[in-house]
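Written out below as structure tokens is the structure these notes cover.
Protein chains: 2
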Amino acid sequence: MRTLLAITKALADQNRIRIIAALHSSGELCVCQIQELLGLAASSTSKHLSILAQAGILTVRKDGRWAHYRIADREEIPQEAAPIVEWVCSQSASEKVVLQDRKNLDAISAISREELCQRQAKGIRCCSSAPETPVAAK
Amino acid sequence: MRTLLAITKALADQNRIRIIAALHSSGELCVCQIQELLGLAASSTSKHLSILAQAGILTVRKDGRWAHYRIADREEIPQEAAPIVEWVCSQSASEKVVLQDRKNLDAISAISREELCQRQAKGIRCCSSAPETPVAAK
DNA sequence: CCTATGTTTCGCTAATTGGCGAAATGAAGG
DNA sequence: CCTTCATTTCGCCAATTAGCGAAACATAGG
């Protein structure tokens, strides 16, 4: 019952549904991208992600300083939870917030993963959040 | 989003999952039977049932003083929630609490609906709860 | 009308949860 | 080592929620 409740509780929050919907359309996102999307503090974002991961709905791929989250593969998800996750994705797809999120994601993830790697190599910040100082201003 | 969240929040509670599982195997139960099953106060039981009904997962059939709850039919359930309800039923079916509940239900609903009507006609209490005084003791 | 009884609503309290900022952690890179 | 920065953990407060008993409602039957 613990596992089952962990799943249903994980889905009982608007921000966590937004996270799932975003990952469903984007495939993979790093914490700071999700943070920017939701407009929450880093700690709150991390908490939501850990609740979803704890429930087995998400998995992490750690890559240097970055943590990339994505929806877990069918086989990784416990207690045959895949159907419920897909259900949430399809039901949330038409929600106003989620549609707006998708637009915002286009801007947020305009910086592709490859570019991110280059920026990382150059020592530039991950997200456009944080200080408003672009490269030149340094 | 309000509807979607109402559904996921309704499912994010152990007692409400027990209610759904019980109704899934019994078909229909009155409030006091559910109250006896969960061991909660009448007011708490009623609250849980109203949360589930509000989310569109349950429907009520009022019959005299009694209120009989059951899982809503496919067409009545909003936002194509039927799959998620069935998922909860199948996932909870193997849970220890739910298995025990089913045994307890046998005892609780040993008094069949027909018998209940007769008892009602005779002015006997609905449930074995309340005063411990059987018919003869009156 | 009065009583009895099943259910619901209303306050209230305790527990849980979501949010934040500060501090801790971990990984690069000088 | 020391700094930087993405992430996580911790401690705290505010909002939500589950639980109860008391009171209110509703219905059936003297």
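Protein sequences, first through last, are from chains D and W. Going by our numbering, 27 is the number at position 25 of the first sequence; the sequence numbering is gapless. Going by our numbering, 108 is the number at position 106 of the second sequence; the sequence numbering is gapless. Every residue gets a Cβ at the ideal spot worked out from N, C-alpha and C, and that includes glycine.
| Apart from the five residues just before and just after Leu6/D, which ones in its own chain have a Cβ nearer than 7 Å to its Cβ? | Gln81
| said: Against chain D, with Cβ distances strictly below 8 Å, would Val87/W count as a contact? | reply: no
| message | With DSSP as the reference, identify every bridge partner of His26/W, one or two as the case may be. | response | Looking at the DSSP assignment, His26/W forms no beta bridge with any residue, so it has no partner.
| query | DSSP puts Ile73/W in a beta bridge; with which residues? | reply | Leu60/W
| request: List the residues that DSSP assigns as beta-bridge partners of Asp65/D. | output: Trp68/D
| task | May I ask you to list the residues that DSSP assigns as paired with Cys32/D? | result | His70/D
| field | Extent of the continuous alpha helix (DSSP H) run through Pro85/W | value | 84–94
| Roughly how many whole angstroms lie between the Cα atoms of Ile22/W and Lys49/W? | 14 Å
| said: Quick check on DSSP: helix, strand or coil for Glu38/W? | reply: helix
| request: Could you run through the region 59–77 of chain W and flag, in chain order, every residue whose CB is less than 7 Å away from some CB of chain D? | output: none
| Near Leu40/D, what residues of its chain come up, given a Cβ to Cβ distance below 7 Å and the 5 sequence neighbours on each side ignored? | Asn17, Arg20, Thr47
| task | Indicate the three-state DSSP secondary structure (helix, strand or coil) for Ser111/D in the structure shown. | result | coil
| query | How about the region 94–114 of chain W and the region 71–81 of chain W: do they share at least three Cβ pairs that are nearer than 8 Å? | reply | no
| said: In whole angstroms, give me the CA-to-CA distance for Ser27/D and Val33/W. | reply: 43 Å
| Three-state secondary structure (DSSP) at Asp103/W? | helix
| message | Using a Cβ-Cβ cutoff of less than 6 Å, which residues in the same chain neighbour Leu42/D once the five nearest sequence positions on both sides are dropped? | response | none
| said: Assuming Ala12/W is part of the alpha helix (DSSP H), what are its boundary residues? | reply: 4–12
| From Lys124/D to Glu30/D, what does the alpha carbon distance come to, in whole angstroms? | Interpretation of Lys124/D is limited by its pLDDT of 48, a score under 50 that renders its predicted location unreliable; no figure is taken from the coordinates.
| task | Report the rounded CA-to-CA distance for Lys64/D versus His70/D, giving the unit in angstroms. | result | 6 Å
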